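Residue numbers (the working numbering), protein chains in the order written: chain P, 537 to 947; chain A, 7 to 217; chain E, 5 to 372.
Just below is one structure, and these are the notes that go with it.
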Amino acid sequence: MNCVLAEDNILHGTPLLRWVYELAGLFLPCWLSYFIAGFVIMFILVNAVLLGAAVFVWTERRLVGRLQNRVGPNRWGPFGMFQPIADLLKLIVKEDLIPQGADKIAFVAAPIIMVATAILMLAVVPFAKNTALADLNVGVLYVLAVTSLTSVAILMAGWSSNNRYALFGAARGVAVLISYEVPVVLCLLGVVIVAGSMSLADVVTAQAVPFILVQPLAMFVFVAGTSAELNRTPFDVAEAESELIAGYHIEYSGIKFGLIQAAEFGGVVTASAVIATLFLSGWAGPASNYIGWLWLLIKIGVVAFLFIWIRATFPRLRIDQIMAFAWKFLMPLSFINLMAVSLEVYFLRDSSGALTTTDLWIMTVINLVVFAVCIPLFGSLIRDKVRPAQLQPTARATPGATVQQAGGEVT
Amino acid sequence: MYGLAMVKGLMVTLKNLTRKPFTVQYPEERLTQHPRFRGEEFVWYEERCTGCASCAKYCPLGIIKIVTSPSETAIDQGDKYRLEVFDIELQRCMFCGLCVEACPYDALFMGSGFEQGKYSRKGMFISIDQLRQSEKHPSTFFRPQLESTGYNPHKNRPLDWKEVGRESWNWHRQEKMGMRLASGPDLDNGSAEELEPAGTSSSDGSNGASS
Amino acid sequence: MPIRTEPMTVNVGPQHPSTHGVFRLRITFDGEEILEVEPVFGYLHRGTEKLAEERNYVQVVTLTDRLDYVSSMINNQAYCLAVEQLLEVEPPDRGKYLRTIAAELQRIAAHLMGIGFFLQDLGTLGTPLMYCFRTREKILDLFEMLCGARITVSYLRPGGVFADAPEDFWPALDRFLTDLPGELSELEQLILENEIVMVRTRGVSTLPLDMAINSSVSGPVLRASGLAWDWRKAEPYDAYDRVEFDVPVAQNGDNYDRFWVRMQELHQSARIVRQCVEQIEPGPVRLDLPLVLRPEPGREAYGRVEASKGELAFYLFSDGGISPYRCKIRSPSLINLTVTEHLLVGWKLADMIVTLGSVDINMGEVDR
Chain P
537 MNCVLAEDNI
547 LHGTPLLRWV
557 YELAGLFLPC
567 WLSYFIAGFV
577 IMFILVNAVL
587 LGAAVFVWTE
597 RRLVGRLQNR
607 VGPNRWGPFG
617 MFQPIADLLK
627 LIVKEDLIPQ
637 GADKIAFVAA
647 PIIMVATAIL
657 MLAVVPFAKN
667 TALADLNVGV
677 LYVLAVTSLT
687 SVAILMAGWS
697 SNNRYALFGA
707 ARGVAVLISY
717 EVPVVLCLLG
727 VVIVAGSMSL
737 ADVVTAQAVP
747 FILVQPLAMF
757 VFVAGTSAEL
767 NRTPFDVAEA
777 ESELIAGYHI
787 EYSGIKFGLI
797 QAAEFGGVVT
807 ASAVIATLFL
817 SGWAGPASNY
827 IGWLWLLIKI
837 GVVAFLFIWI
847 RATFPRLRID
857 QIMAFAWKFL
867 MPLSFINLMA
877 VSLEVYFLRD
887 SSGALTTTDL
897 WIMTVINLVV
907 FAVCIPLFGS
917 LIRDKVRPAQ
927 LQPTARATPG
937 ATVQQAGGEV
947 T
Chain A
7 MYGLAMVKGL
17 MVTLKNLTRK
27 PFTVQYPEER
37 LTQHPRFRGE
47 EFVWYEERCT
57 GCASCAKYCP
67 LGIIKIVTSP
77 SETAIDQGDK
87 YRLEVFDIEL
97 QRCMFCGLCV
107 EACPYDALFM
117 GSGFEQGKYS
127 RKGMFISIDQ
137 LRQSEKHPST
147 FFRPQLESTG
157 YNPHKNRPLD
167 WKEVGRESWN
177 WHRQEKMGMR
187 LASGPDLDNG
197 SAEELEPAGT
207 SSSDGSNGAS
217 S
Chain E
5 MPIRTEPMTV
15 NVGPQHPSTH
25 GVFRLRITFD
35 GEEILEVEPV
45 FGYLHRGTEK
55 LAEERNYVQV
65 VTLTDRLDYV
75 SSMINNQAYC
85 LAVEQLLEVE
95 PPDRGKYLRT
105 IAAELQRIAA
115 HLMGIGFFLQ
125 DLGTLGTPLM
135 YCFRTREKIL
145 DLFEMLCGAR
155 ITVSYLRPGG
165 VFADAPEDFW
175 PALDRFLTDL
185 PGELSELEQL
195 ILENEIVMVR
205 TRGVSTLPLD
215 MAINSSVSGP
225 VLRASGLAWD
235 WRKAEPYDAY
245 DRVEFDVPVA
255 QNGDNYDRFW
265 VRMQELHQSA
275 RIVRQCVEQI
285 EPGPVRLDLP
295 LVLRPEPGRE
305 AYGRVEASKG
315 ELAFYLFSDG
325 GISPYRCKIR
335 SPSLINLTVT
345 EHLLVGWKLA
355 DMIVTLGSVD
365 INMGEVDR
């Protein structure tokens, strides 16, 4: 029997799925081949994310090591490359503890949800021309919907652990995630307006000029927001190992902990992929018909390096400061970006609503000026919190001065 | 301000990315200790030890156990005691070196190693037999006579009891002349400078105390 | 409908990674805000004072290493000064200079450790800490040359130091002092004016000067509150009256100022070491004292130094025996902890960790 994917199927634009579906459809009933095609896609996705997480863990640990002037893991395999595998093996054979008084169902479900969100996010990212695993026409919306699932998982993990540190971590994590959704969504609106489509494949093709240049403000806000959503420095309050030891996953051990770690580091990889797609023109580049995947990988690497670099350098903000940063700094910036982009598109577009490359360059110039004006402007608004110390010149103590005398002068 | 200092910080870490790591990969790569390093594996010269137990008395933790019996020959002439037990309970030792400082006859030295980890507490002591048999690489800790020769326990050959004493060190020969040796040290021929690193020197002691 | 809330009590420590040892704080939180603090310590109590009463005067030096185990040299110094007061002796000049060099190097090492862990508490991924340790390692190497050990040094003795520095110590010290400014400026560029550090620490957990004086806190904590008080200036011991240095003072007494004062003291300590190296002359390093000291009965002594964390003092009373009849240790960390409640209440959980880091306590010294 021959199975043909209907034109109106949401996955019609995914050649891989269609190809597997039609091939399997030669021998199997259509419903089964549809299932198999879906399974193949999921198989690729899961392994891509987990492998990406493993590679990222190794890269991060080596890089942070070198940034800190030490070596990093180097015991197993060339340059310690098999370290993530060793970690994984250790986590798998480790005893899997569920604390007494924990809410078992939520406790077990939380890591699974976390991994699922990290994996699902990658589904819509186009790896090369016409090679997204699922080329949804609402891709941007899908990304947003999937990422907000993480907050549920964090709340579940923190609440069900029956541990006060975990509760702190969960409360912080959810607060951060919900706050940072808002500016991130507003940035993505700007991207969608310029691209004229919600499909990530169309967003890539629309980037005749990479959107990092067209909308630098949006890029800035999106990267900041994403690193907050990923619990990475300087926004890693939900884990905050110096304060909450490990935050919401303090009680997890064994493979559940491994899943959380995989979700966390896989999340960075997928988020880097999304950023590369949205702002760095994804797979586009010279000879992109042949080595589009390479361009995407390079861009993912650049974004991931940025995340690692920032993590190795900066301290952590306090939770109220993170909230203030989201609502008082990123939020206005994303509004400004949205307004500027909307106005520019309104005036520049031609009768069919499309933008030419020249239009994009004009927008680039305007938006770079807006960027250069807005960041110092809003920076100065929160400056009184960041004012450098009015440092007194070092004074010499008078030998023999008594405490009362000296104290009397100063108080 | 405006994140400029943060950018500066990023540049610092980036600069360090290009630098050689300062850490050392221990089992393959080893740092060399200074000759003064207070290591484990105490070096003890039975020939020099009189069994006075100064070290045991001076140990802040009291972990040195010494049992002596009077030597059968010539007790009246003050012959030295015979050592039966000389145990150092290594598990409680804090390597302060006060025993070495207390030893008036230069019989006890700090060692030069640091890899005496054991799986059980039972093995964590040094017995007299171990002290007798072990290779003698004394640390130069509190032993200026070794330091002035430039002796390095990590590189040079093991030292004989005749080479380590203060009497071979010219500055102090007046001070330590009272030491009883088989036949008094030949101070005119022997000089500390002849005590050279392994490979370059003759193997016998230079002061010829027992010849 | 009003939301019902209730305070939550959390035991921070004794196994918490950021309490700088086995320190426990029972904290009642309202959300993230601290309502009540009850510090609980004593988990590292080893009875040093009593142990000192059962050992002779030189043996006690090894115990002092283990008080504030990141600044052993200075502990040695405080104790040796006390014993010298008991015996009414003074070490020879070269001994004094060597002691000053050792103590100032140790102060750099201890401050680097304090700064590194303070920044670690702020949430950096160990980068400043590793840079601090990079420099501290070199100091420990110098200590290994001086006395054969890196942490538990026991280098100082009543009446001087146990041995002169070896020949290769001086070129190594010279190299270290040449490299130090570059390494410190790198650390300063990395973090001293970082905006996140500023936001997190400026104006947080301020300690007003009158309160600092009334609670008799000392060291960088006191100087950060605005009083230029340093025992090296006020009552110079060893070679401090022959060197020039400034006492860094800040005004606000907040977390940042405590951090800043430590950063500045690094430079001053290096300055002292440089002057000592210039001034030091050959000569004996140790008085010819007997191995077992017997001060006159009934004498008492109070030897105090400006340790890395504040005023460290040993009170000794002699009954004429070979060991002190009473040994009392005034440890700066313990006294500095008395203002904990004032510093923490009203601030947030994240600030609590940072404040503990900025006060820079050491549990070996608090519990003794």
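A virtual CB, placed ideally from N, CA and C, is assigned to each residue, including glycine.
Quantities reported herein were computed from a predicted structural model and do not represent experimental measurements.
Item, Value
"Three-state secondary structure (DSSP) of Ser-75(A)", "strand"
"Whole-angstrom distance between Glu-199(E) and Pro-822(P), CA atom to CA atom", "40 Å"
"Beta carbon proximity, His-20(E) to chain P, threshold 8 Å", "yes"
"Within-8 Å CB hit, Ala-354(E) to chain P", "yes"
"Alpha carbon of Gln-272(E) to alpha carbon of Glu-187(E), nearest angstrom", "15 Å"
"Partner residues on chain P for Leu-16(A), Cβ-Cβ distance less than 8 Å", "Trp-845, Ile-846, Thr-849"
"Residue-level contact to chain E via CB, Cys-539(P), 8 Å cutoff", "no"
"Any chain E beta carbon closer than 8 Å to Thr-769(P)", "yes"
"Within the segment 69-105 of chain E, ranges of the alpha helix (DSSP H) (whole runs, at least 4 residues)", "76-91"
"Under 8 Å by beta carbon: chain A residues contacting Glu-248(E)", "Those within 8 Å of Glu-248(E) in chain A number zero; the least Cβ separation is about 31 Å."
"Bridge-paired residues (DSSP) for Glu-37(E)", "Asp-34(E), Lys-352(E)"
"6 Å Cβ shell around Val-247(E) - same chain, five flanking residues per side excluded", "Ile-276, Gln-279"
"CA-to-CA distance, Ala-807(P) to Leu-780(P), given in whole angstroms", "25 Å"
"Contact check, Leu-191(E) vs Tyr-135(E), beta carbons under 8 Å", "yes"
"Nearest candidate by alpha-carbon position, reference Ser-133(A), set Leu-89(A), Asn-162(A), Arg-54(A), Ser-145(A)", "Leu-89(A)"
"Same chain, Cβ closer than 7 Å to Glu-94(E), neighbours up to 5 away in sequence not counted", "Glu-88"
"Rounded distance between the beta-carbons of Val-805(P) and Val-585(P), thought under 8 Å", "7 Å"
"Touch test, the segment 807-817 of chain P against the segment 830-844 of chain P, Cβ-Cβ under 8 Å, three pairs minimum", "yes"
"Span of the alpha helix (DSSP H), counted from its first residue to its last, around Trp-594(P)", "566-603"
"Beta-carbon proximity of Phe-903(P) to Gln-743(P), cut-off 8 Å", "The question names Phe, but residue 903(P) is Asn in the sequence shown. Contact flag unset, no."
"C-beta neighbour in chain E for Thr-56(A), strict 8 Å", "no"
"Beta strand (DSSP E) segment containing Ile-94(A), residue limits", "88-94"
"Where the alpha helix (DSSP H) containing Lys-640(P) begins and where it ends", "640-658"
"Pick from Ile-655(P), Lys-630(P), Arg-602(P), Ala-638(P) that is closest to Ser-977(P), judged by C-alpha positions", "Outside the displayed span of chain P (537 to 947) sits residue 977(P), for which this structure offers no information."
"Range covered by the alpha helix (DSSP H) that runs through Ile-200(E)", "199-205"
"7 Å Cβ cut-off: residues of chain E touching Asn-825(P)", "In chain order: nothing, as chain E lies at least about 40 Å away."
"Inter-residue CB distance, Arg-592(P) and Ala-840(P) (contact presumed, cutoff 8 Å)", "In the sequence as presented, Arg is not what sits at residue 592(P); that position holds Phe. That belief holds up - the Cβ atoms of Phe-592(P) and Ala-840(P) are roughly 6 Å apart, short of 8 Å."
"Under 7 Å from the C-beta of Gly-119(A): neighbouring residues of chain E", "Within chain E, no residue comes near Gly-119(A); the closest Cβ sits about 13 Å away, beyond 7 Å."
"Counted within 10 angstroms of its Cβ, other Cβ atoms place Asp-135(A) as buried (16 or more) or exposed", "exposed"
"For Met-875(P), the nearest candidate out of Asp-856(P), Leu-753(P), Ile-911(P) (CA to CA)", "Leu-753(P)"
"Short Cβ contact (8 Å threshold) for Ser-789(P) with Lys-665(P)", "no"
"Exposure label - Glu-171(E); buried when at least 16 CB within 10 Å", "exposed"
"Whether Leu-90(E) touches Ser-322(E) by CB criterion (8 Å)", "yes"
"Nearest to Phe-131(A) (by Cα), restricted to the options Arg-25(A), Leu-20(A), Asp-93(A)", "Asp-93(A)"
"Val-939(P), buried or exposed, once every other Cβ within 10 Å from all chains shown has been counted against 16", "Residue placement at Val-939(P) is poorly supported in this model, since its pLDDT is 35, which falls under 50; the coordinates still yield a value, given next. It is exposed - the Cβ of Val-939(P) has fewer than 16 other Cβ atoms within 10 Å."
"In DSSP terms, what Val-839(P) is bridged to", "Paired residue(s): none; Val-839(P) is not in a bridge."
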